[in-house]
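Since the structure comes first, as structure tokens, the remarks are kept for the end.
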Amino acid sequence: MSNRRTYLATPSKSIVRGGYRSRTALDRFSAKGVLATRGRRCRRHSHVVNRYAPRATLESDAKVADDIAEAARPTEEFSIGNMWTRKGNLLVVNGTLDLVGRQGSIIELDGGARAIFLWERAALYYAYLLPGSPEPVPGAEAFLSETRWSMDVGEGLAGKTVDMLGRVIGETLEGKTESQTIFNAGPAQNDLQTIRRSLLTGVTAIDSLAPMGMGQNMLIIGHERTGKTSLAVNSVLAQRDTDVKVVYAALDGNGEEVQEMLRAGGAMEYATVVVPDYEGAHQPEPEEEAARQLIAASTAVAIGEHIRKEGGEVLVVLDSLSGYQNVWKYVCEKMLDAGGGLNVFQGADDSAMRQFYSALFQRVGKYNRENGGGSLSMMMVLPTHPPPAAEDRDFELSDFEGEMVNDYTRNRLRLLADKGVKITREVLAKLDIPAPGTRTVETLAWIQDTDALVSLSDGHIVLDAKEFEAGRRPAVDPSNSLTRVGIGSGAVQGRAFAPVIQKVTPRLRLDIAQMIQDRDQVAGESQARRITAWMAVMTQPYGEVRTLAQQAIGLYAVARGNLDSTAGASGVSGVEKTIRELWEFCEAEIPAVVREINDTQDIQDESMDMLGETIDRFMKSS
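Here the sequence shown stands for residues 0 to 621, numbered as in numbering that gives the first Met the number 0.
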């Protein structure tokens, strides 16, 4: 039997192993390279190069094209269909085969154009045209090769900026390197271990309310200008004195600004920045720009996967998922063009959407000891947009005709009208009923898209626009922010929380929920003081990184009521000043306890007693 790799080309749901479909008796190529079941044309090349290993420095498009032509020439290709349409360098090929699990493979079209295969839905294949390729001809036959796009990785990437194709910009990659494919399946469950250590962000509101475990993914959700990127950068700066490496994908068009922030904080010593661009790239159309962001995100994760494989700990930051969302939107639009029907946009095929996002989300994880023990954690920024503003007027029942509301909602509206209640925007908001004109098909698709991302994540941090506008930093919404790692019970249960946080504030979420409830009502004097103290300990300027010991000391002092009197006399600013003085006092008086917390993320009973006594002594002397 031939030792060639075997390709499946049928819609069957066979198992994917190592990125290639497993062979069955019927669904395979014969030894002569003929597709047994479909009769698709197959072609072979005499020149054999197993994979593409790009050079360490950027070159002109002409040289890139030469490299691709030489290195991306596979041993064998098979026909998958014909090019249908394009948006800039984002190509769509119309075919009939199931190519699930083949992301990152090279597609070659008649005429010499080559592209990276990105995704498939219902036999429509989406691919990004490689730089320097000839112009593809509509209708040209497309062939999928065994070759998968890869990049050079190694320790020398720290401190470098890399383009979306994995090439170091303006510098040479020094030291030992190896080739790494950029689109990869997530690790097998048997290769992973339970998450049991917190990846600290240095932000009290996150590490205490919605902590991130080493090996999990986390969303940061919020409207524009609510501090999402600042929180992500803060999390990068927090890794400075740790063994955690960082890969930051600057997808939001702010690459230079991010590099400047990281360099100012000393983070470029251990961080790699990936940008969704390459030398000689033209100004892209929106759909093409989204595809570039998708590729750059995958390149960033691939660098992280190499670090994890070598036994290291890595945090990958994707500072915008809008590219992924826009690629999915384009996929749905092409389905509509192909006759998929309105249900495509309304999300009837929810499983297809979840599969699309899962390809990214499931690449995180903490390897077990047998696989080196490395971990890959991922922080992803999800921009949200407020719905269109409704007209400020009284609405009639007729205004809701054609709106996407169910019969139950219509009956509620009818009852309001029968009782003579004016149906205003404020009344609708109290009843959680969307005003006419604010719930379009596209809005519903966006809501479902966001819900899918949230449900796939291991946790999410929600930023409140109103709190941000009121000056609160960070504007974390404690009621809606959470981590899913460690929820439940049992010996095998994971843990994202640092144990010391749970020990010093065992009722933290309950206390914060009570604070929010009391703040919205008329609180008594003692309640008002405690609310002020909680707000102060959670307030933190962007760019400030707090050690775990500093967070624990402040939280413990508030939970014990030590800062209530200060809150009543001096307000939030007075409590903040007192907490900073308390940090210095504890570091001088009980340095061993401070080291214990920072080194182990835990605190023993004896040390906790010492911490309480030290806080009491400080408060008496201040």
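Just so it is clear, CB atoms sit at the ideal spot from N, CA and C, and this is done for glycine as well.
These figures come from a predicted structure and were not determined experimentally.
With 16 or more other CB atoms across the displayed protein chains lying within 10 angstroms of its CB, A497 is buried.
In chain order, M163, A248, L250, V273, V274, P275 place their CB closer than 7 angstroms to the CB of A295, counting only its own chain and leaving out the 5 sequence neighbours on each side.
The beta carbons of A139 and D109 sit closer together than 8 angstroms.
In terms of CA proximity to L320, V453 leads the group Q215, V453, G303, E586.
Residue pairing by DSSP puts D151 in a beta bridge opposite S178. Contact annotation, K227 with L462: C-beta distance approximately 6 angstroms; criterion of less than 8 angstroms satisfied. Between the region 81-90 and the region 278-287 there are three or more inter-stretch CB-CB distances shorter than 8 angstroms, so the stretches are counted as touching.
Relative to the Cα of D190, the nearest Cα in the group E288, T271, G310 belongs to G310. When the five nearest sequence neighbours on each side are left out, the beta carbons in the same chain lying within less than 6 angstroms of the beta carbon of A566 are those of R528, T531, A532, V574, in order along the chain. For N597, the enclosing alpha helix (DSSP H) has its first and last residue at 590-599.
Partner residues in the beta bridge of S104, as assigned by DSSP, are R147.
Contact between T225 and A434 does not hold, since their C-beta atoms are separated by about 23 angstroms, which reaches or exceeds 8 angstroms. Ranked by how close their Cα comes to the Cα of P477, the residues G523, I106, H459 have H459 in first place. Assigned with DSSP and collapsed to three states, P498 falls in helix.
By alpha-carbon distance to P385, the top candidate from Q539, M82, A112, G221 is G221. Inclusion of V484 and Q192 in the CB contact set at 8 angstroms is not warranted, their separation being larger than that value. Beta-bridge partners assigned by DSSP to I422: F394.
Between Y329 and L293, the C-beta spacing is not below 8 angstroms. If the five residues before and after M377 are omitted, its C-beta is found closer than 6 angstroms to the C-beta atoms of N216, V315, V363, all from its own chain and listed in chain order.
Inclusion of S104 and S144 in the CB contact set at 8 angstroms is warranted, their separation being smaller than that value. Assignment of Y124 by DSSP, reduced to helix, strand and coil, places it in the strand class. For A209, the secondary structure class from DSSP, reduced to helix, strand or coil, is coil. Rounded to the nearest angstrom, the gap between the Cα atoms of E425 and F399 is 16 angstroms. Judged by beta-carbon spacing, L230 lies beyond the 8 angstroms limit of M211, meaning their Cβ atoms are not closer than that value. Pairing L218 with S357 gives a Cβ-Cβ distance that is not under 8 angstroms. Minimum Cα-Cα distance from T146 among the listed residues F116, R545, R579, V243 corresponds to F116. Contact annotation: V245 and D318 have beta-carbon atoms that are not nearer than 8 angstroms. One Cα belongs to E177, the other to H305, and the distance between them is close to 9 angstroms. In this structure, I552 sits away from L507, with a CB-CB distance that is not shorter than 8 angstroms. For L414, the uninterrupted alpha helix (DSSP H) run begins and ends at 406-417, by DSSP. Boundaries of the alpha helix (DSSP H) harbouring Y329: 321-336, taken from the DSSP string. E312 counts as buried, since at least 16 other C-beta atoms from the protein chains shown sit within 10 angstroms of its C-beta. Beyond the five residues adjoining it in sequence on each side, M352 comes within less than 8 angstroms, by CB distance, of W327, G346, Q447, D448, A451 in the same chain, given in chain order.
If you check the CB distance, R166 and R494 do not come in under 8 angstroms. Beta bridge pairing from DSSP links R85 with L90. In this structure, DSSP gives A266 a helical state, which the three-state scheme calls helix.
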